[in-house]
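Take 158 as the starting number for the sequence shown in this note's numbering and just add one per residue. Written below as structure tokens is the structure these notes are about.
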Amino acid sequence: MSFCSRFLPENSSILAAVSGGSDSVAMVYLLNDLRAELKIAKLAVAHVNHGLRGEESDCDEQFVREIAKDLGLSFFVKHLSGCNIKDPGVENWARRERYRFFHSVMESGGYGLVATGHTADDQAETVLLRMLRGSGIKGLRGILPCREDGVIRPLLYIRKEELVSWLTRNGKSFRTDSTNSQTIYRRNSVRHQLLPALGRYVPEVVENLSSIALRAFDSWSIVSPEVDKWIDSSVINFPLQSFLLKKSGLIARSIAGEGIKALFERCGISASRVHVENVFINAPANGKEFLLPGGWHYFPKKNGIFFVKERVSGHGFSYEIPVPGSADFPDVNIGFSVSEEDVPFERPGSENWIVFLDRKCCENMLFYRMLMPDDTFHPLGFGKEENALRYLSGKGVPRLLGERLGVITDQSNKILWIPGIQINHESRITDMTRSILRIESRVGTDARSFN
158 MSFCSRFLPE
168 NSSILAAVSG
178 GSDSVAMVYL
188 LNDLRAELKI
198 AKLAVAHVNH
208 GLRGEESDCD
218 EQFVREIAKD
228 LGLSFFVKHL
238 SGCNIKDPGV
248 ENWARRERYR
258 FFHSVMESGG
268 YGLVATGHTA
278 DDQAETVLLR
288 MLRGSGIKGL
298 RGILPCREDG
308 VIRPLLYIRK
318 EELVSWLTRN
328 GKSFRTDSTN
338 SQTIYRRNSV
348 RHQLLPALGR
358 YVPEVVENLS
368 SIALRAFDSW
378 SIVSPEVDKW
388 IDSSVINFPL
398 QSFLLKKSGL
408 IARSIAGEGI
418 KALFERCGIS
428 ASRVHVENVF
438 INAPANGKEF
448 LLPGGWHYFP
458 KKNGIFFVKE
468 RVSGHGFSYE
478 IPVPGSADFP
488 DVNIGFSVSE
498 EDVPFERPGS
508 ENWIVFLDRK
518 CCENMLFYRM
528 LMPDDTFHPL
538 GFGKEENALR
548 YLSGKGVPRL
558 LGERLGVITD
568 QSNKILWIPG
578 IQINHESRIT
588 DMTRSILRIE
598 SRVGTDARSF
608 N
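Below, the structure written as structure tokens:
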């Protein structure tokens with residue numbers, strides 16, 4: 158009841174995910190018995206027949222169907238095929254398909270919540286596995302009691318043995334999955350070997366691990382906003398799955414560690430604790446390249462670390478900038494202001510984010526587009542044009558990052574400026590200049606970590 162008072166709103170419409178095992182069977186009976194007390198407006202049963210155990214799977218389905226019928230509840234079933242129980246990744250496949258089905262029924266049937274039968278024992282297994290993997294506060298929350306997508310776990314603080322005892326006392330039967338005893342699966346090994354061994358030394362091991370998850374859940378509600386602030390202040394997003402992490406953000410190690418993990422999750426990087434730790438270890442190694450899972454690379458520079466995913470061909474960008482005028486391009490996290498100035502004026506110093514060009518370099522329109530592999534560029538002070546990517550490589554910009562850079566061009570597609578790097582020699586101000594073009598990039602000085 159403590160769970161329900163905290164996480165279950167009144168007049169809820171609940172879809173109970175029932176496999177036929179003791180946990181989910183007890184859950185649907187309890188929800189039905191407490192329906193009036195909990196003010197549940199609508200209750201139904203959903204079952205997934207994974208087709209992995211032949212006749213046994215079909216018997217599970219029929220068993221759950223009969224429970225729904227006896228309770229007068231609507232019954233929804235999904236039949237899966239195409240996987241063998243011994244296939245690699247079959248557990249992840251089954252989990253993904255289950256939740257896809259549950260959410261489709263939620264949407265089509267008007268159910269606000271999906272209830273699953275996870276118990277304190279499941280929570281203990283999850284927390285222990287994540288401890289062994291080196292998870293931080295977010296990971297130690299384990300199985301969440303409620304999720305933003307409407308999934309709730311009303312039995313999460315109840316022991317499995319209590320549920321089995323309740324079912325037995327009330328004459329309720331349940332199914333037993335024959336694969337649950339097979340220790341070829343890591344979770345089953347934890348359930349049948351590791352946890353019982355720990356329990357011989359600490360009888361309350363399940364309760365203690367479950368308590369850790371609850372404290373981590375409450376702690377993360379405090380830490381999470383700080384992580385978001387850290388990401389906002391320490392990360393600059395660049396086009397096409399690339400971003401800069403400021404080295405100054407690594408000083409507060411604890412929050413930075415959680416922030417990097419959160420950042421990796423948002424980018425779909427399946428990184429371990431070791432990968433996160435290596436970011437701190439490798440940060441001083443300016444100019445070197447390091448690898449992450451999923452085709453990601455990172456390159457420490459003077460003031461920041463660039464993270465880049467291997468480029469997918471066919472992606473790019475191109476935008477117009479009026480002259481004079483202003484334009485912002487939020488998709489690539491940059492904006493430009495262009496103005497005209499008369500001469501004479503005080504010659505500016507070296508500045509790669511605000512540049513001054515000869516007004517004759519363009520007409521009434523500039524373009525900001527992605528750098529292409531065959532682009533050529535005549536850098537200021539150089540005697541001739543050269544391949545732009547080769548020039549950037551000589552400046553210490555990794556090719557993967559260079560391929561994502563944007564360039565300012567004129568209407569003939571000639572590169573006038575690589576923001577943050579250099580202007581075109583032919584667009585420089587000379588003694589013959591009569592009017593000046595001032596271009597400012599609103600990426601700002603944070604992006605000087607290119608250099």
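Even for Gly, the Cβ is constructed at its ideal location relative to N, Cα and C. Source: prediction; values computed, not measured.
Burial state of Y358 is exposed, judged by a 10 Å Cβ sphere holding fewer than 16 other Cβ atoms. Close CB contacts of L402 within its chain, under the 7 Å cut and outside five residues either way in sequence, are with S391, V392, G461, I462, F464 (chain order).
In the DSSP assignment, F447 falls within the unbroken beta strand (DSSP E) covering 447 to 449. In this structure, L528 lies near V564, with their beta-carbon atoms less than 8 Å apart.
Exclusion of the five residues before and after S584 leaves L514, D515, C518, L573, W574 as the residues of its chain whose Cβ lies within less than 8 Å of its Cβ.
Taking every protein chain shown into account, the CB of F259 has 16 or more other CB atoms within 10 angstroms, so this residue is buried.
When rounded, the separation of the alpha-carbon atoms in I593 and N521 is 13 Å. At the C-beta level, G299 and A370 come within 8 Å of one another. Taking the Cα positions, M589 is about 20 Å away from D567. With contact defined as three or more Cβ pairs closer than 8 Å, the region 473 to 487 and the region 437 to 447 are not in contact. Rounded to whole angstroms, E597 and K571 show a C-alpha spacing of 19 Å. Of the residues D531, I578, E498, G538, the one whose Cα lies closest to the Cα of R591 is E498. Fully enclosed beta strand (DSSP E) runs of no fewer than 3 residues occupy 197 to 206, 231 to 236 of the region 193 to 246, in order along the chain.
Look at V347 here: in three-state DSSP terms it is helix. R290 and N394 have their C-alpha atoms spaced approximately 29 Å apart. In the three-state reduction of the DSSP assignment, I586 falls in the coil class. Ranking K418, K386, V202, S376 by CA distance to the CA of N435 puts K418 first. Partner residues in the beta bridge of R595, as assigned by DSSP, are S496, F513. For I462, the enclosing beta strand (DSSP E) covers residues 461 to 466. If you ignore the 5 residues before and after P450, its C-beta comes within less than 8 Å of the C-beta of I426, S427, A428, H432, all in its own chain and listed in chain order. Taking one beta carbon from each stretch, the region 262 to 271 and the region 172 to 179 have 3 or more pairs nearer than 8 Å; the two touch. Contact annotation: D217 and S176 have beta-carbon atoms nearer than 8 Å. Separation of the CB atoms of L320 and L313 is rounded to 12 Å, and the pair is thereby denied contact status at 8 Å. For R210, the closest of V247, K199, D180 by C-alpha to C-alpha distance is V247.
By the C-beta density criterion, A354 is exposed, having fewer than 16 other C-beta atoms within 10 angstroms. According to the DSSP assignment, R298 belongs to no beta strand (DSSP E), since it is labelled neither H nor E. In this structure, G538 lies near H582, with their beta-carbon atoms less than 8 Å apart. In the three-state DSSP reduction, E434 falls in the helix class (H, G or I). If you draw a 10 Å sphere on the C-beta of T283, you find 16 or more other C-beta atoms in it, and that means buried. Taking C-beta atoms as the reference points, I315 and A373 fail to come closer than 8 Å. Only residues of its own chain outside the window of five on either side were considered, and among them I171, A173, L195, I197, L200, A272, P311 have a CB closer than 8 Å to the CB of L188, listed in chain order.
Using a 10 angstroms sphere on the CB of F437, the tally of other CB atoms stays under 16, which defines it as exposed. Straight across, the Cα-Cα distance linking E383 with I412 is about 7 Å.
Taking C-alpha positions only, Q219 is separated from R253 by approximately 23 Å.
When rounded, the separation of the alpha-carbon atoms in S368 and S181 is 22 Å.
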